[in-house]
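Residue numbers (our numbering): 111 to 247.
Written out as structure tokens, the structure is:
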């Protein structure tokens, strides 16, 4: 099954709206007051909370190209724990360098994943499934 590119589908289905949207995005890129690295880190944080794994995988390299270190990106992802669910953080930590992270590197996240006081039942089940993936590393 071929993975669909949502931006291409958007352009194919609604070219006028996509063009306007692209202009809107460009106006956000052009905002003064924040350097590109900071903008990319903020964008990663927002996409982590939105559990948009695809966008995180796109913007992590963009942040690194803008000068962000792996530790800065990792800190951005972990800050999302205060407002998001574990699922977004787990996907995003995996996107840091496109390899499965060791349990030691994400020990805090794993603590949250298995600590019933920190998660609803639904979130705990999702977190446990991610824990199994990380444990295989």
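Glycine is no exception: its CB is placed at the ideal position from the N, C-alpha and C atoms.
These figures come from a predicted structure and were not determined experimentally.
Status (buried if at least 16 other CB within 10 Å, exposed otherwise) for residue i
i: residue 157; result: buried
i: residue 190; result: buried
Span of the alpha helix (DSSP H), counted from its first residue to its last, around residue i
i: residue 178; result: Looking at the DSSP string, residue 178 is not in any alpha helix (DSSP H), and its letter there is neither H nor E.
i: residue 151; result: 146-159
Residue i, DSSP secondary structure in three states
i: residue 115; result: coil
i: residue 138; result: helix
i: residue 133; result: helix
i: residue 190; result: helix
i: residue 122; result: helix
Residue i versus the options, residue with shortest Cα-Cα distance
i: residue 168; options: 145, 154, 148 and 143; result: 154
i: residue 179; options: 143, 147, 118 and 114; result: 147
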